[in-house]
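S.K.:
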Amino acid sequence: MYYHTYDASDDSSEDELDNITLLAASVIVLGSEEARISRAENRQPSRRYLRRAQLLPNPRSNTPWQVLYESQDDRAFITTMGIDCATFNLILGSGFRGRWESWAIPRPDANPAGAPRLGGRSLTAEGALGLIYHYLTSAMPDTALQQIFALVPSTVSRYRHFALDILRDTLREMPDAAVEWWTSAEECMSDNEAVVFRHPLLVNAIGTIDGLNLLTASSDDPDVENATYNGWLHGHFTSCVLVFSPRGRITFSNF
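Position in the sequence shown (from 1) plus 1 gives the number in this note's numbering.
In structure tokens, the structure reads:
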């Protein structure tokens, strides 16, 4: 006959095994919950948009942008876009409209050399230029642009990239948008006279200098992200230096 001798260490081993099992189960549950939260956070940016049902039905009629543009009010234009009506119309007529109406919007399912379908576009040239200046002069999210222009997310993104290229090419050809340093001593003396006429104590001054911090999207590259982060402003900015002549021209810019 076999007799088992009771040993207290047996209960201790079983308790230890139970504890290990419970700990392992807890780790699995916690890991699963963290993974769920991580997946939800990664999906969150894709949920931050409005669909057509939540927007005004026609981007070309009775949108907040249409009301603003039709007002032709300098104060309203400067408040929302940073430029007055005359400047807006000057850029529009200096090549922006022509490019918008003659270039096809790049997209994977269309011929880039094909003729543009102006009637099928959600925005006119005025709307496209307004979209770009709303985007450039503020830090508003795309959902705000969707509401102002009654556009779905894909259209906002496509029009923004296309119109930015058009604006760049247009400004490069505009004499009023050129950055030109003083070319002669006579020009410096003329500007100095204009400064002294307004501010008699500023002898030998020919212009003014100012700084501008432009809000910049954060980069996935840690070196670029570190270079653009401004600890004083607690955000990512590109710092620019601008020099102005008393004639209202930008004579130098650096960033």
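Backbone N, C-alpha and C define an ideal beta-carbon position, used for all residues, glycine too. As the structure is a prediction and not an experimental result, all values here were calculated from the model.
Looking only at DSSP bridge pairs, what is C241 linked to?
M.R.: To locate residue 241, count along the sequence shown from 1; it is residue 240. Its beta-bridge partners are L213.
S.K.: Taking DSSP's pairing of strands, which residues face Y230 in a bridge?
M.R.: Locating residue 230 in the sequence shown gives position 229, where the first residue counts as 1. Answer by DSSP bridge pairing, in chain order: H237.
S.K.: Along the alpha helix (DSSP H) that carries A72, what are the first and last residues, could you check?
M.R.: Residue mapping note: residue 72 aligns to position 71 of the sequence shown, counting from 1. Note that residue 72 corresponds to Ser in the displayed sequence, not to Ala. Note, S72: alpha helix (DSSP H), P65 to S72.
S.K.: Return the chain-ordered list of same chain residues with a C-beta closer than 8 Å to the C-beta of T252, the five sequence neighbours on each side being excluded.
M.R.: Reading the sequence shown from its first residue, position 251 is the one you call residue 252. So the list reads V180, E181, W182, W183, G208, V244, F245 and S246, once near-sequence residues are dropped.
S.K.: Starting from the C-beta of F97, find all residues in its chain whose C-beta is less than 7 Å away, skip the five residues before and the five after it, and write them out in chain order.
M.R.: Mapped onto the sequence shown, residue 97 falls at position 96. Here the set comprises A126, L130, I167, L168 and T171.
S.K.: Give me, in chain order, the residues of the same chain whose beta-carbon lies closer than 8 Å to that of G212; leave out the 5 immediate sequence neighbours on both sides.
M.R.: Taking the sequence shown and counting its residues from 1, the one referred to as residue 212 is at position 211. Around G212: S240, C241, V242 and L243.
S.K.: Apart from the five residues on each side of it in sequence, which residues of its chain come closer than 6 Å, Cβ to Cβ, to S139?
M.R.: In the sequence shown, counting from the first residue as 1, residue 139 sits at position 138. The answer is none, since no qualifying residue turns up.
S.K.: Residues in the same chain with beta-carbon distance under 8 Å from D85, minus the five sequence neighbours each way, listed in chain order, please.
M.R.: For the purposes of this step, residue 85 is identified with residue 84 of the sequence shown, where counting begins at 1. Contacts found: D75, F78 and I79.
S.K.: For a test of the three-state rule: what should DSSP assign to N59, helix, strand or coil?
M.R.: As a working note, residue 59 is residue 58 in the sequence shown. Correct three-state label for N59: coil.
S.K.: Is there contact here, the segment 224-240 with the segment 195-209, by at least three beta-carbon pairs under 8 Å?
M.R.: no
S.K.: Between which two residues does the alpha helix (DSSP H) harbouring T252 extend?
M.R.: Here the question's residue 252 lines up with position 251 in the sequence shown. First-last for T252: I251 to N255, but that is the beta strand (DSSP E), not the alpha helix (DSSP H).
S.K.: Cα-Cα, which of V68, S254 and R49 is closest to I149?
M.R.: Taking the sequence shown and counting its residues from 1, the one referred to as residue 149 is at position 148. Relative to I149, the option among V68, S254 and R49 whose CA is nearest is V68.
S.K.: I need the straight-line Cα distance from P117 to P60, nearest angstrom please.
M.R.: Position 116 of the sequence shown, counted from the start, is the residue given in the question as residue 117. Position 59 of the sequence shown, counted from the start, is the residue given in the question as residue 60. If you take the alpha carbons of P117 and P60, they lie about 18 Å apart.
S.K.: Starting from the C-beta of R44, find all residues in its chain whose C-beta is less than 8 Å away, skip the five residues before and the five after it, and write them out in chain order.
M.R.: The residue labelled residue 44 in the question sits at position 43 within the sequence shown. Because R44 carries a pLDDT of 46, less than 50, the predicted location of this residue cannot be relied on, and no value is offered for it.
S.K.: Which residue wins for smallest C-alpha separation from R250, given the options E102, P176 and A218?
M.R.: Translated into positions along the sequence shown, residue 250 becomes position 249. Nearest option by C-alpha distance: P176.
S.K.: Could you round the C-beta distance between R159 and R108 to whole angstroms and report it? I think they count as a contact, below 8 Å.
M.R.: Within the sequence shown, residue 159 is the residue found at index 158, counting from 1. Within the sequence shown, residue 108 is the residue found at index 107, counting from 1. Their Cβ separation, rounded to whole angstroms, is 7 Å, which keeps R159 and R108 in contact under 8 Å.
S.K.: Could you tell me if M82 is buried or exposed, where buried requires 16 or more neighbouring beta carbons within 10 angstroms of its beta carbon?
M.R.: For this step, residue 82 is matched to residue 81 along the sequence shown. M82 is buried by the Cβ-count criterion.
S.K.: Quick check on the burial criterion: 16 or more other C-beta atoms within 10 angstroms. Buried or exposed for D192?
M.R.: Taking the first residue of the sequence shown as position 1, residue 192 is located at position 191. Counting Cβ neighbours within 10 Å, D192 comes out buried, since at least 16 surround it.
S.K.: Can you tell me the Cα-Cα spacing of A145 and S62, whole angstroms?
M.R.: Counted from its first residue, the sequence shown places residue 145 at position 144. Counted from its first residue, the sequence shown places residue 62 at position 61. Each residue's alpha carbon lies about 17 Å from the other.
S.K.: Taking only the alpha-carbon atoms, compute the straight-line gap between Q147 and P58 and give it to the nearest angstrom.
M.R.: Numbered from 1 along the sequence shown, position 146 holds the residue referred to as residue 147. Numbered from 1 along the sequence shown, position 57 holds the residue referred to as residue 58. Those two C-alpha atoms are separated by around 12 Å.
S.K.: Which of helix, strand or coil does DSSP assign to W101?
M.R.: Position 100 of the sequence shown holds residue 101. In this structure, W101 counts as helix in the three-state DSSP scheme.
S.K.: Does R49 come out as helix, strand or coil in the three-state DSSP assignment?
M.R.: Your numbering for residue 49 matches position 48 in the sequence shown. Here R49 sits in coil by DSSP.
S.K.: For A178 and L215, what's the separation of their Cα atoms in angstroms?
M.R.: Here the question's residue 178 lines up with position 177 in the sequence shown. Here the question's residue 215 lines up with position 214 in the sequence shown. So the alpha carbons of these two residues sit roughly 18 Å apart.
S.K.: Use the C-beta contact count for A54: other C-beta atoms within 10 angstroms, 16 or more gives buried, fewer gives exposed.
M.R.: Here residue 54 refers to the residue found at position 53 of the sequence shown. Per the 10 Å Cβ criterion, exposed.
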